[in-house]
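Peer 1:
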Amino acid sequence: MKSDVLEELRTEVMRRRTFAIISHPDAGKTTLTEKLLLFGGAIREAGSVKARKANRHATSDWMEIEKQRGISVTSSVLQFDYKGHRVNILDTPGHQDFSEDTYRTLTAADSAVMLIDAAKGVEAQTIKLFQVCAKRGIPIFTFINKLDREGRNPFDLMEEIERVLGIRSVPMNWPIGMGRELCGVYDRMKHQVERFQGNNHDTIEVHKVDDYRDESVRSIAGDYLYEQLCQDLELLDVAGDPFDLEKVRRGELTPVFFGSAINNFGVQTFLENFLELAPAPTPRKSQNGEVEPLSPRFSGYIFKIQANMNPAHRDRIAFLRICSGRFERGMTVRHVRAGREIKLSQPQQFLAQDRDIVEKAYPGDIVGLFDPGIFRIGDSLAEKEDIVFDELPTFSPELFAKVTVKNAMKHKQYQKGIDQLTEEGTVQVFYSTSGFDETILGVVGQLQFEVFEYRMKVEYGVDIELHRMPFQFARWLVGDKIDTSKFRINSTVVRDKKDRLVALFESEYALRTAMEKNPDVTFLETAP
Ligand code: G4P
Numbered sequence: 034m035k036s037d038v039l040e041e042l043r044t045e046v047m048r049r050r051t052f053a054i055i056s057h058p059d060a061g062k063t064t065l066t067e068k069l070l071l072f073g074g075a076i077r078e079a080g081s082v083k084a085r086k087a088n089r090h091a092t093s094d095w096m097e098i099e100k101q102r103g104i105s106v107t108s109s110v111l112q113f114d115y116k117g118h119r120v121n122i123l124d125t126p127g128h129q130d131f132s133e134d135t136y137r138t139l140t141a142a143d144s145a146v147m148l149i150d151a152a153k154g155v156e157a158q159t160i161k162l163f164q165v166c167a168k169r170g171i172p173i174f175t176f177i178n179k180l181d182r183e184g185r186n187p188f189d190l191m192e193e194i195e196r197v198l199g200i201r202s203v204p205m206n207w208p209i210g211m212g213r214e215l216c217g218v219y220d221r222m223k224h225q226v227e228r229f230q231g232n233n234h235d236t237i238e239v240h241k242v243d244d245y246r247d248e249s250v251r252s253i254a255g256d257y258l259y260e261q262l263c264q265d266l267e268l269l270d271v272a273g274d275p276f277d278l279e280k281v282r283r284g285e286l287t288p289v290f291f292g293s294a295i296n297n298f299g300v301q302t303f304l305e306n307f308l309e310l311a312p313a314p315t316p317r318k319s320q321n322g323e324v325e326p327l328s329p330r331f332s333g334y335i336f337k338i339q340a341n342m343n344p345a346h347r348d349r350i351a352f353l354r355i356c357s358g359r360f361e362r363g364m365t366v367r368h369v370r371a372g373r374e375i376k377l378s379q380p381q382q383f384l385a386q387d388r389d390i391v392e393k394a395y396p397g398d399i400v401g402l403f404d405p406g407i408f409r410i411g412d413s414l415a416e417k418e419d420i421v422f423d424e425l426p427t428f429s430p431e432l433f434a435k436v437t438v439k440n441a442m443k444h445k446q447y448q449k450g451i452d453q454l455t456e457e458g459t460v461q462v463f464y465s466t467s468g469f470d471e472t473i474l475g476v477v478g479q480l481q482f483e484v485f486e487y488r489m490k491v492e493y494g495v496d497i498e499l500h501r502m503p504f505q506f507a508r509w510l511v512g513d514k515i516d517t518s519k520f521r522i523n524s525t526v527v528r529d530k531k532d533r534l535v536a537l538f539e540s541e542y543a544l545r546t547a548m549e550k551n552p553d554v555t556f557l558e559t560a561p
C-alpha cells in the first residue's frame, strides 16, 4: 500500500468512534440519539428519530410483527460527523423484547454509553447489556438523564452503579439542584458552571470560575444550592476516585455526566468529552493474533444478519464490522469459511432507514452487505490472506420452548427453516438427549419466538407450535466426566447445534445445586 494511502488510513481510523448506547427502555435513548444526530447535522429536525420509532411500521412494513407491536425487531447503524470525528452509533433495540442480536451488536462497538434515568437508577436491561460490555473490558461512559425531574441523590446513584455493576465511577460534572430547583451543573474538569436558562432550560450560560468555592458560584446558585454543592464536591475530592484515563480505557472506571437529553442540557458537553476520551477503533482478536486497525489489508467480520428488509426482494443484509485496512466498493475479498473469493459489489450503509451506497469505509465502520445466503454470523472476510476472527459468543438463552410441526409432510422445509434461522441467529436450537427426538428453541427475548414462528410460516410455509418450557438458564458443560443423570431435578441436559452438552435449569437454585453436586464440571454462560 502506498504511503499516502496508509496516511489516509491512519487519519480515518484515528477520527472514528464506534459505540452503542446501553439502557433500559424509557431512559431516553431515542431522545439522546436524536440530540447527538442533531449536533452532527445528520438530521435537521428534532423529532425525526422519535417519529421513526413511533412510525416504524411506515418504513418497515416488511414484517407484520413490527407493525403490530410498533417496535423495532432489528437494529441499524447511525453515522455522523462532529468536529472532525466520524461517529458510528450502533443502534440497539431499546424495547423490552430485545434479543441476542442486541448482545452481538455490542461486540462490534469499541465503547459504550450507559444511559440511566436519574429517578430509576440501574435497571434490569442495563445490567444485562453492561455485563456483556464488561466481559469485553470496553470503556463505558455514563450519562445520567432527566435531571429536570426529581431524581435520586447523585451519591446514591453512584453507589448503586458500583454495587450493582461493580464499576467505580468518576463524576465529570455535578448537578446544582435537581428537578424544579435545577440551576445547572458544575464541570469539575473545566471548572465552570453551566447554567440552565429559559423556561425550558434549553439555553446554556457558561461561567468560568477558579474553583467551585468561588463566591461567584454562590451568586449564581444561591446560598442553599451553593452550600450543598461545596459539601458534595469536597466529599468527592476527598473520597471519590480521581479521573484516570487508563482505568477508563480498561473499563474499570466510568466517567459520569449529568444532564437532560430532552432539554439538550449537558448533551454537547458529554459528546465532546466522550469523543476525546473514547478510543478509536481497537484491535480485534483472531486465530492469527490481534488484527490492528492500521494493518493495510482489509478485514472484517459479520456480527448480524437481517432478513427481508425489502419485501420485494426478500434479501438479507449481513452487517460487517471493518477491523483493518480500507474497504472499497467492488473489491474482491476472501470469504474465509467458504474458502473462496467474493466481490463486494453492493455495500450499503444505513442512516435511519435510508440506504446509501458506500464507496469507501474504514475500521470502526459498519457496512451492510447484500447477502444471497452465503454468510453466517461470525464469518470473516479478508483481503488476500485468511484471517479468522474469534467466534462471536453464543449467549445464554433465558426462554425455552419445544417445537412441533403441525403438518408432518412439511418436515423438509421445517429443517431448512431451522437451519437458516439458527444460522442468522434468530433463535438457538437444542436437541434432547433423552432418546425422544425433541427440538428445543432458546431465546433471550420473547419476540424472537414470535419472529421465528412468523418467518417459519411466511418464508418456509410451515405451521409450528411452541410449547413453553419452565427453564430460565442455560450453561454449557465442560469436563471429562459429565454424568447427565445428575441433572434431573428442575433441570435437563440437551445438545446444541455443535453437539456440545448444555444443561437447562428452572431456577437459580437448581443451577447452584447442580454446580455444587458437580464440582469437576465447568458451567459456562456462553458457548465454549
Ligand atoms: P427510550 O428510547 O430509551 O425508550 O426513551 P425515549 O427517548 O423514547 O424517552 C422516553 C421518555 O422519556 C419520553 O417521554 C421522553 O420524552 C422522556 N425523556 C427523555 N429525556 C428526558 C429528559 O431529559 N427529561 C425528561 N423529563 N424526560 C425525558 P414520553 O412521554 O414517553 O414520550 P413523549 O411523549 O415525550 O414523546
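Reminder that position 459 of the sequence shown reads as 492 in this note's numbering, one-by-one numbering, no gaps. Every residue gets a Cβ at the ideal spot worked out from N, C-alpha and C, and that includes glycine. No experiment lies behind these values; they were computed from the predicted model shown.
1) Smallest Cα separation from ASP59: which of SER429, MET47, LYS116 and ILE177?
2) Quick one: Cα of ASP124 to Cα of ALA145, how far?
3) Nearest to ALA142 by alpha carbon, out of GLN446, ARG50 and GLY74?
4) What are the complete beta strand (DSSP E) segments, minimum 3 residues, inside the stretch 300-341?
5) Sorry if obvious, but does the Cβ on ASP59 come closer than 6 Å to a heavy atom of the ligand G4P?
6) The ligand G4P heavy atoms versus the CB of ALA294: any closer than 6 Å?
7) Alpha carbon to alpha carbon, how far is VAL484 from THR459? Give it in angstroms, no decimals.
8) Should LEU162 go down as buried or exposed, given a rule of 16 or more other Cβ atoms within 10 Å for buried?
9) Among all the DSSP beta bridges, which residues are the ones paired with HIS224?
10) State the DSSP-derived secondary structure class of MET2, mapped to helix, strand or coil.
11) CA-CA distance, THR63 and ASP134?
12) Where do the ends of the alpha helix (DSSP H) carrying PHE72 lie?
13) Cα separation between VAL554 and GLN379?
14) Check whether the Cβ of ASP181 sits closer than 6 Å to any heavy atom of the ligand G4P, and report yes or no.
15) Straight-line CA distance for ALA560 to MET222?
16) Provide the residue span of the beta strand (DSSP E) that contains GLY33, from first to last.
17) Output yes if chain E places a C-beta closer than 7 Å to the C-beta of VAL477; else output no.
18) Where do the N-terminal and C-terminal ends of the alpha helix (DSSP H) with GLU133 fall, by residue?
19) Excluding the 5 residues preceding and the 5 following GLU456 in the sequence, name in chain order all residues of the same chain whose CB lies nearer than 8 Å to its CB.
20) Do ALA536 and LEU499 count as a contact pair if the criterion is CB distance below 7 Å?
21) How is the beta strand (DSSP E) around CYS356 delimited, first residue to last?
22) So GLU498 is in the beta strand (DSSP E); what residue range does that whole segment cover?
23) Considering LYS439, what are the terminal residues of the alpha helix (DSSP H) in which it resides?
24) Any heavy atom of the ligand G4P closer than 6 Å to the beta-carbon of ASN178?
25) Would the beta-carbon of GLY475 fall within 7 Å of that of PHE428?
26) Following a CB-centred definition, is THR302 positioned closer than 6 Å to any heavy atom of the ligand MG?
27) According to DSSP, simplified to helix, strand and coil, what is SER56?
28) Can you give me the Cβ contacts of GLY73 inside the same chain, cut-off strictly under 7 Å, excluding the 5 residues immediately before and after it?
29) Beta-carbon within less than 7 Å of PHE504's beta-carbon, same chain only, minus the 5 sequence neighbours each way: which residues are those?
30) So ASP419 and ARG367 are in contact, right, with Cβ under 8 Å, and what is the actual spacing, rounded?
31) In three-state terms, what does DSSP make of VAL526?
32) Any heavy atom of the ligand G4P closer than 6 Å to the CB of LYS62?
33) When you compare only the Cα positions, how much space is there between GLU40 and ARG182?
34) Compute the Euclidean distance between the alpha carbons of ALA340 and CYS216, then round it to the nearest angstrom.
35) Once the 5 residues before and after MET364 are set aside, which same chain residues still bring their CB inside 8 Å of it?
36) Taking only three categories from DSSP, how would you classify ILE194?
Peer 2: On the basis of the supplied data:
1) Residue numbering aside, residue 59 sits at position 26 when the sequence shown is read from its first letter. With distances taken between Cα atoms, ASP59 lies closest to ILE177.
2) Start at 1 with the first residue of the sequence shown, and residue 124 comes out as number 91. Start at 1 with the first residue of the sequence shown, and residue 145 comes out as number 112. When rounded, the distance between both Cα atoms is 11 Å.
3) For the purposes of this step, residue 142 is taken as the residue at position 109 of the sequence shown. Closest by alpha carbon: ARG50.
4) 317-319, 322-324 and 332-340
5) Walking along the sequence shown from the start, residue 59 turns up at place 26. Correct: ASP59 has its Cβ closer than 6 Å to the ligand G4P.
6) Along the sequence shown, read from residue 1 onward, the residue named residue 294 stands at position 261. For the ligand G4P, at least one heavy atom lies less than 6 Å from the Cβ of ALA294.
7) Here residue 459 is taken as the residue at index 426 of the sequence shown, counted from 1. Here residue 484 is taken as the residue at index 451 of the sequence shown, counted from 1. Straight-line Cα distance between these residues: approximately 8 Å.
8) Taking the sequence shown and counting its residues from 1, one reaches residue 162 at position 129. Buried: at least 16 other Cβ atoms inside 10 Å.
9) Translated into the one-based positions of the sequence shown, residue 224 becomes position 191. Note: HIS224 sits in no beta bridge, so no partner.
10) Residue 2 is absent from the structure shown; the chain starts at 34 and stops at 561.
11) The sequence position of residue 63 within the sequence shown is 30, counting from 1. The sequence position of residue 134 within the sequence shown is 101, counting from 1. Near 18 Å, if we compare the C-alpha coordinates of ASP134 and THR63.
12) Taking the sequence shown and counting its residues from 1, the one referred to as residue 72 is at position 39. Counting along the chain, the alpha helix (DSSP H) containing PHE72 begins and ends at 62-72.
13) As a position in the sequence shown, residue 554 is number 521, starting the count at 1. As a position in the sequence shown, residue 379 is number 346, starting the count at 1. Cα to Cα, VAL554 sits roughly 47 Å from GLN379.
14) Along the sequence shown, one-based indexing puts residue 181 at 148. True, at least one ligand heavy atom lies under 6 Å from that Cβ.
15) On the sequence shown, position 527 is the one that residue 560 refers to. On the sequence shown, position 189 is the one that residue 222 refers to. Each residue's alpha carbon lies about 43 Å from the other.
16) Only positions 34 to 561 of the chain appear in this structure, which leaves residue 33 out of reach.
17) No chain E is present in this structure, which holds just one protein chain.
18) As a working mapping, residue 133 is identified with position 100 in the sequence shown. Unbroken alpha helix (DSSP H) run through GLU133: 133-139.
19) Numbered from its first residue, the sequence shown carries residue 456 at position 423. Closer than 8 Å at the Cβ level, and outside the excluded window around GLU456, lie ILE338, ARG409 and ILE410.
20) Working through the sequence shown from its first residue, we reach residue 499 at position 466. Working through the sequence shown from its first residue, we reach residue 536 at position 503. For LEU499 and ALA536, no; Cβs fall outside 7 Å.
21) In the sequence shown, the residue the question calls residue 356 occupies position 323. Note, CYS356: beta strand (DSSP E), 349-357.
22) Here residue 498 is taken as the residue at index 465 of the sequence shown, counted from 1. 497-502 is the extent of the beta strand (DSSP E) around GLU498.
23) Here residue 439 is taken as the residue at index 406 of the sequence shown, counted from 1. Here LYS439 belongs to no alpha helix (DSSP H), and DSSP marks it neither H nor E.
24) Taking the first residue of the sequence shown as 1, we reach residue 178 at position 145. At least one heavy atom of the ligand G4P is nearer than 6 Å to the Cβ of ASN178, so yes.
25) Sequence index remark: in the sequence shown, residue 475 carries index 442 (1-based). Sequence index remark: in the sequence shown, residue 428 carries index 395 (1-based). No, these two residues do not count as a Cβ contact at 7 Å.
26) Inclusion of the ligand MG in the displayed structure is not the case, the ligand content consisting of the ligand G4P alone.
27) For the purposes of this step, residue 56 is identified with residue 23 of the sequence shown, where counting begins at 1. Strand at SER56.
28) On the sequence shown, residue 73 is found 40 positions in, with the first residue counted as 1. Closer than 7 Å at the Cβ level, and outside the excluded window around GLY73, lie PHE113, ASP114, TYR115 and VAL120.
29) Numbered from 1 along the sequence shown, position 471 holds the residue referred to as residue 504. Cβ neighbours of PHE504 beyond the five flanking positions: PHE433, LEU537, PHE538 and GLU539.
30) Indexing the sequence shown from 1 puts residue 419 at position 386. Indexing the sequence shown from 1 puts residue 367 at position 334. Going by Cβ atoms, the distance from ASP419 to ARG367 rounds to 6 Å, so yes, they are a contact pair.
31) Numbered from 1 along the sequence shown, position 493 holds the residue referred to as residue 526. Strand at VAL526.
32) Along the sequence shown, one-based indexing puts residue 62 at 29. Yes, Cβ of LYS62 sits closer than 6 Å to a heavy atom of the ligand G4P.
33) As a position in the sequence shown, residue 40 is number 7, starting the count at 1. As a position in the sequence shown, residue 182 is number 149, starting the count at 1. Rounded to the nearest angstrom, the two C-alpha atoms are 48 Å apart.
34) For the purposes of this step, residue 340 is taken as the residue at position 307 of the sequence shown. For the purposes of this step, residue 216 is taken as the residue at position 183 of the sequence shown. Rounded to whole angstroms, ALA340 to CYS216 spans 48 Å at the Cα level.
35) To locate residue 364, count along the sequence shown from 1; it is residue 331. These residues qualify, in order along the chain: PHE331, LYS376, LEU377 and GLU416.
36) Counting from one through the sequence shown, the residue named residue 194 turns up at place 161. Assignment of ILE194 by DSSP, reduced to helix, strand and coil, places it in the helix class.
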